[in-house]
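Everything on this sheet refers to the single structure shown next.
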Amino acid sequence: MSGPKLSDFKCLVFDVYGTLIVSARHMLTGLGIINFIVQDWESGIWNGLQPLFSNVSEGDKITRADALTQFGICEAKVQDAHPSMLYSDVLRETHLLLSAHYRPGVEPDSEAAKAFSANLKNWTPFPDTVQALERLSKDYGYKLVVLSNVDHKSFANTKPLLEKGFQFDKIITAEDVGSYKPSLANFEYALKAVKEEFGIEKEQVLATAQSLYHDHAPANKLGLSSAWIARKGAFVGADESVATYTFKFDTMGDMADAVGRERV
């Protein structure tokens, strides 16, 4: 018996930072929703932390992998303690924790933490993102639903970078839900909204994202199909032991190409 096809889905519910943005999801003629990633947020985080690392002793060489691991640990601590905190504030508090980790005994710089938080607006889309989104929306008829761990004010800077020739059908942020992924509440919120607004059932939704930890693991628990956008070089959330997936693509462009081949 053959497995599911991309054209079986009507809605794409996707992550943005890491999947679509270099900083990390639906179809009208199919069955489901896709949750996908458009930005390289890891580069945004790494670059934004360089001022902090320039003040670390020369003997303590910090690798990108170590920095992103510690960022993930500190960010999760802040999100777990403050599930309703705006993401811009989460970034600020995460920077303060990272400063304490890498510069113990030194008073964290609150202004540097604010600057790090403000850096989110400088994160840009992956080269394949914009055209892929337009094709998935206009050419293949998917409903495109954002399910992001940011707040609306932060996403407002990213939205015009992505919406070229199409518009997202719905934007859901952690601010709306009051919690952060991998909480099941975020996906449950999205599924309820998609059902009520578009009449699309869970079986017709495809979660599309880079992070196996933040997106695919909760999708697994809810019985959602998912597409892993395995961005080359991605580190955060890339541990394949934490989740499974239905489809795998290197880029959003590759995914759009695969949909096109099914339609021939």
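Following our numbering, the numbering of the sequence shown begins with 22 at its first residue and continues without gaps.
In this text, a Cβ means the ideal position worked out from N, Cα and C, and glycines have one as well.
### Message
Please report the distance separating the alpha-carbon of V280 from that of L141.
### Response
The residue labelled residue 280 in the question sits at position 259 within the sequence shown. The residue labelled residue 141 in the question sits at position 120 within the sequence shown. Roughly 31 Å separates the two Cα atoms.
### Task
Can you say whether A177 is buried or exposed, counting buried as having 16 or more other CB atoms within 10 angstroms of its CB?
Here the question's residue 177 lines up with position 156 in the sequence shown. Flag for A177 reads exposed.
### Message
Determine whether the beta carbon atoms of K164 and C32 lie at a separation below 7 Å.
### Response
By one-based count along the sequence shown, residue 164 stands at place 143. By one-based count along the sequence shown, residue 32 stands at place 11. It is a contact, given that the beta carbons lie within the stated cut-off.
### Message
Need the endpoints of the alpha helix (DSSP H) that T90 sits in, please.
### Response
By 1-based counting over the sequence shown, the position of residue 90 is 69. Its alpha helix (DSSP H) spans residues 85–102.
### Query
Under the three-state reduction of DSSP, which class applies to R284: helix, strand or coil?
Within the sequence shown, numbered from 1, the residue matching residue 284 stands at position 263. Reduced to three states, the DSSP call for R284 is helix.
### From Y108, D29, H122, S78, residue whose alpha carbon lies closest to that of T90
Locating residue 90 in the sequence shown gives position 69, where the first residue counts as 1. The shortest Cα separation from T90 among Y108, D29, H122, S78 belongs to H122.
### Query
Nearest-angstrom Cα distance between L243 and D36?
Residue mapping note: residue 243 aligns to position 222 of the sequence shown, counting from 1. Residue mapping note: residue 36 aligns to position 15 of the sequence shown, counting from 1. Each residue's alpha carbon lies about 17 Å from the other.
### Message
Using only CA atoms, which one of E114, L73, G162 lies nearest to V127?
### Response
Position 106 of the sequence shown holds residue 127. Minimum Cα distance to V127 is reached at L73.
### Query
If you draw a straight line from the alpha carbon of Q225 to that of E209, how long is it in whole angstroms?
Numbered from its first residue, the sequence shown carries residue 225 at position 204. Numbered from its first residue, the sequence shown carries residue 209 at position 188. If I take the Cα positions, the gap works out to 14 Å.
### Task
Counting only the same chain and skipping the five closest in sequence on each side, list residues whose C-beta sits under 6 Å from that of A240.
Position 219 of the sequence shown, counted from the start, is the residue given in the question as residue 240. Taken in chain order, the residues that qualify are A228, S247.
### Message
Which of the three DSSP states is assigned to L70 in this structure?
### Response
Residue mapping note: residue 70 aligns to position 49 of the sequence shown, counting from 1. Secondary structure of L70 (DSSP, three-state): coil.
### Query
Three-state secondary structure (DSSP) at A214?
The residue labelled residue 214 in the question sits at position 193 within the sequence shown. Helix at A214.
### Query
Considering only residues of the same chain and omitting the five flanking positions on each side of I193, which have a CB-CB separation below 8 Å?
On the sequence shown, residue 193 is found 172 positions in, with the first residue counted as 1. Excluding sequence neighbours, I193 sits near V166, V167, L168, S169, N207, Y210, A211, A214.
### Task
Check the DSSP bridge columns for L119 and list the partner residues they point to.
Numbered from 1 along the sequence shown, position 98 holds the residue referred to as residue 119. Looking at the DSSP assignment, L119 forms no beta bridge with any residue, so it has no partner.
### Task
Using 10 angstroms around the beta-carbon of V199, count the other beta-carbons present and answer buried if the total reaches 16, otherwise exposed.
Indexing the sequence shown from 1 puts residue 199 at position 178. With the sequence shown as reference, residue 199 is identified as Gly, and Val is not the correct amino acid for it. Exposed, by the Cβ-count rule.
#### Entry: Identified DSSP bridge partners for T194
Taking the first residue of the sequence shown as 1, we reach residue 194 at position 173. T194 pairs with S169.
### Query
What is the DSSP secondary structure of F189, reduced to helix, strand or coil?
Counting from one through the sequence shown, the residue named residue 189 turns up at place 168. Three-state DSSP puts F189 in coil, outside helix and strand.
#### Entry: Pair within 7 Å by beta-carbon distance, P129 and L117
Counted from its first residue, the sequence shown places residue 129 at position 108. Counted from its first residue, the sequence shown places residue 117 at position 96. Less than 7 Å divides the Cβ of P129 from the Cβ of L117.
### Task
Tell me whether the beta-carbon of R113 lies closer than 7 Å to the beta-carbon of A134.
Within the sequence shown, residue 113 is the residue found at index 92, counting from 1. Within the sequence shown, residue 134 is the residue found at index 113, counting from 1. Taking 7 Å as the Cβ cut-off, R113 and A134 qualify as a contacting pair.
#### Entry: Residue range of the unbroken alpha helix (DSSP H) whose run includes A228
Locating residue 228 in the sequence shown gives position 207, where the first residue counts as 1. Element bounds for A228: not the alpha helix (DSSP H) but the beta strand (DSSP E), 226–230.
### Task
Determine the burial state of S120: buried for a count of at least 16 other Cβ atoms within 10 Å of its Cβ, exposed for fewer.
In the sequence shown, counting from the first residue as 1, residue 120 sits at position 99. It counts as buried.
### Query
Got a sec, what are the start and stop residues for the alpha helix (DSSP H) L243 sits in?
Counting from 1 along the sequence shown, the entry for residue 243 is found at position 222. From DSSP, L243 is part of no alpha helix (DSSP H); its letter is neither H nor E.
### Message
On the criterion of 16 or more Cβ atoms from any shown chain inside 10 Å, does V151 qualify as buried, or is it exposed?
### Response
Counting from 1 along the sequence shown, the entry for residue 151 is found at position 130. With 16 or more Cβ atoms within 10 Å of its Cβ, V151 is classed as buried.
### Query
How many Å lie between S23 and A136 at the Cα?
One-based indexing of the sequence shown puts residue 23 at position 2. One-based indexing of the sequence shown puts residue 136 at position 115. Distance between the alpha carbons of S23 and A136: 51 Å.
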